[in-house]
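Peer 1: What follows is a structure written as C-alpha cells; I'll ask about it next.
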Amino acid sequence: MLIVPEREIADLMTREAAFSAVEQVFASMAAGDAYNFPVVREAIGHEDALYGFKGGFDRAGLTLGLKAGGYWPHNLEKRGMINHQSTVFLFDPDTGKAKAMVGGNLLTALRTAAASSVSIRHLAREDAKVIGMVGAGHQATFQLRAALEQRDFDKVIGWNLHPEMLPNLEKVAAEAGLPFEAVELEGMRAADVIISITSSFDAILMEEHVAPGTHIACMGTDTKGKQEVAPALLAKAAVFTDEVSQSVSIGEAQHAVAQGLIREADIAQLGAVINGAHPGRRSAEEITLFDGTGVGLQDLAVAAAVVDLAVEKGIAIEVDF
Ligand code: NAD
1 MLIVPEREIA DLMTREAAFS AVEQVFASMA AGDAYNFPVV REAIGHEDAL
51 YGFKGGFDRA GLTLGLKAGG YWPHNLEKRG MINHQSTVFL FDPDTGKAKA
101 MVGGNLLTAL RTAAASSVSI RHLAREDAKV IGMVGAGHQA TFQLRAALEQ
151 RDFDKVIGWN LHPEMLPNLE KVAAEAGLPF EAVELEGMRA ADVIISITSS
201 FDAILMEEHV APGTHIACMG TDTKGKQEVA PALLAKAAVF TDEVSQSVSI
251 GEAQHAVAQG LIREADIAQL GAVINGAHPG RRSAEEITLF DGTGVGLQDL
301 AVAAAVVDLA VEKGIAIEVD F
C-alpha cells in the first residue's frame, strides 16, 4: 500500500491537476460511469466532533474509495491543529485490496476550488472581467486563486460579513497583479462571476445584487439548513450542480425546491455540459448558477492524481499491508 502524507501534498498537487481530475470525474458522473455512495455524517458525542464518510466508484477512472474525516471545532485552540481533518483511502477495484492512504486536508480545499473553476470554465461568459467574492475565509482564497485562471479578469471585488477578513482576498488579487475593492452587496452587480463561500445559514445574495449574464458559483452550502443565495435567484437562473440528489437535499437548491420555486428536474449536472449533452449557457443575459455541494468522487479523483504524482517523483511511502 502507498502512503502520501499531508505534508507532501502542497509540493505535489497543482491547480491544473486538480482541475482536470475534477472536470473528468464530473463528466464521468453525468455519463453514468461514476456514482457517489450515500454520505454518512455523525455527531459522535466526543469533542463536539462531526465525523463521516464520503465515498464512490468511478468505473471510467477505476477509482474506488472514501474520504473519512470531519470537523473538530476545538483542535486549533486546544492543540494548534486545523479543525477540518480528513484522510482519503483508495482501494483496488479489481481485488478490494487497500491501495493508498492520502492526506485529505489540502486536497479538500483544492478540489473545492477546482469545482467552482470548472463551473466558470464551462458556464461563465467568455468576456467576464470582474470577479466578486462573497466570503473571505480559508476556502475563499483557494476559490479565488483558481478562478482567476479561468478568464481574463481585470478586477476583484469582495464582501464579507466580517470585513476584517477581506485582506485575505486582497492578498490573492495582489498576487495576480489585480486591483481589489471591498463593496456592499449592491456593488456585486458589477461582477460577471460571483463565488459565494461562507458558513451562512441565511440568504446573503439577493436578486437585486446580481446583474444579468452573471455566473454564480455557490460553494458554501454543503449541509441541510445552510444558505447563501435567495431562492428567487435560483428560480431566475439556469441551475447546474455536481450531484442533483445532494443539490436538493444539502445544497443551495434545497430551499428553492422546498418552496416550490424550482423542481429537481430543472437542475442539470455540470458534467452534462462538459460532455456536450447540455448546451450550458444559452445567452449573454442568462444568469447561470452552479450549486457546488462537494462529492466524494471529487476527493477520490484528486487523491488518485496525487498518488500518481507521488509515485512519479518517488515520494510515495510503500508499506507491506
Ligand atoms: P472559514 O471559517 O475559514 O470562513 C467562513 C466564512 O464564512 C468567512 O468568510 C466568514 O466571514 C463567513 N461567515 C461566517 N458566518 C457567517 C454568517 N452567519 N453569514 C455570512 N457569512 C458568514 O471557513 P471555510 O473553510 O472558508 O469554509 C467556508 C464554507 O465552505 C463552510 O461552510 C464549509 O462547510 C464550506 N465548504 C464547502 C465545500 C464544498 O465542497 N461545497 C468544501 C469545503 C468547505
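Residues in the sequence shown are numbered from 1 upward in steps of one, following UniProt numbering. Think of the CB as a built atom: it goes at the ideal place given N, C-alpha and C, for glycine as much as any other residue. As the structure is a prediction and not an experimental result, all values here were calculated from the model.
Note down, in chain order, each residue of its chain lying with its Cβ closer than 6 Å to the Cβ of Val88, except the 5 sequence neighbours on either side.
Peer 2: Spatial neighbours of Val88 in its own chain (CB-CB distance under 6 Å, excluding positions within 5 residues in sequence) are listed in chain order as Lys67, Val102, Gly104, Asp299, Ala303.
Peer 1: Do the segment 187 to 207 and the segment 123 to 135 meet, that is, are 3 or more Cβ pairs less than 8 Å apart?
Peer 2: yes
Peer 1: Put Arg282 into one of helix, strand or coil per three-state DSSP.
Peer 2: Coil.
Peer 1: Look at the Cβ atom of Leu270, then the Cβ atom of Ser117, and state whether they are nearer than 7 Å.
Peer 2: no
Peer 1: Quickly, what does DSSP pair Ile194 with across the bridge? List them, please.
Peer 2: DSSP, once it has assigned bridges, lists Gly132, Ile216 as partnering Ile194.
Peer 1: Would you mind working out which of Arg281, Pro279, Ile197 sits nearest Gly251, comparing C-alpha positions?
Peer 2: Ile197
Peer 1: Less than 7 Å between the C-beta atoms of Gly225 and Phe201, yes or no?
Peer 2: yes
Peer 1: Excluding the 5 residues flanking Ala114 on each side, which residues of the same chain have their C-beta closer than 8 Å to its C-beta?
Peer 2: If we look at Ala114 and ignore the five residues flanking it on each side, its Cβ neighbours are Arg15, Ala18, Phe19, Ala21, Val22, Glu23, Ala146, Gln298, Val302.
Peer 1: Beta strand (DSSP E) containing Phe201: first to last residue?
Peer 2: 201 to 205
Peer 1: Taking buried to mean at least 16 other C-beta atoms within 10 Å of its own C-beta, is Pro212 buried or exposed?
Peer 2: exposed
Peer 1: Output the distance between the C-alpha atoms of Lys97 and Phe91, rounded to the nearest integer angstrom.
Peer 2: Straight-line Cα distance between these residues: approximately 6 Å.
Peer 1: With a cut-off of 8 Å on the beta carbons, I'd call Glu175 and Lys155 a contact; round off their distance for me.
Peer 2: Not a contact, Cβ separation roughly 14 Å.
Peer 1: So does Ile157 have its beta carbon nearer than 6 Å to some heavy atom of ligand 1?
Peer 2: no
Peer 1: Could you work out which residue in Leu110, Ile44, Val40 is closest to Phe53 when comparing CA atoms only?
Peer 2: Val40
Peer 1: Could you check if Leu234 belongs to the surroundings of ligand 1, using beta carbon to heavy atom distance under 6 Å?
Peer 2: no
Peer 1: Over what stretch of residues does the alpha helix (DSSP H) that includes His122 continue unbroken?
Peer 2: 105 to 123
Peer 1: Measuring straight from C-alpha to C-alpha, what distance separates Ala31 and Arg59?
Peer 2: 11 Å
Peer 1: Just checking Leu161 against ligand 1 - is the residue's beta carbon closer than 6 Å to any of the ligand's heavy atoms?
Peer 2: yes
Peer 1: By DSSP's criteria, Asp58 is part of a beta bridge. Which residues make up the other side?
Peer 2: Ala34, Thr63
Peer 1: For Ile120, is the beta carbon positioned less than 6 Å from some heavy atom of ligand 1?
Peer 2: no
Peer 1: Given a cut-off of 7 Å on the beta-carbon distance, is the pair Leu106 and Ile9 in contact?
Peer 2: yes
Peer 1: Alpha carbon to alpha carbon, how far is Arg7 from Leu123? Give it in angstroms, no decimals.
Peer 2: 34 Å
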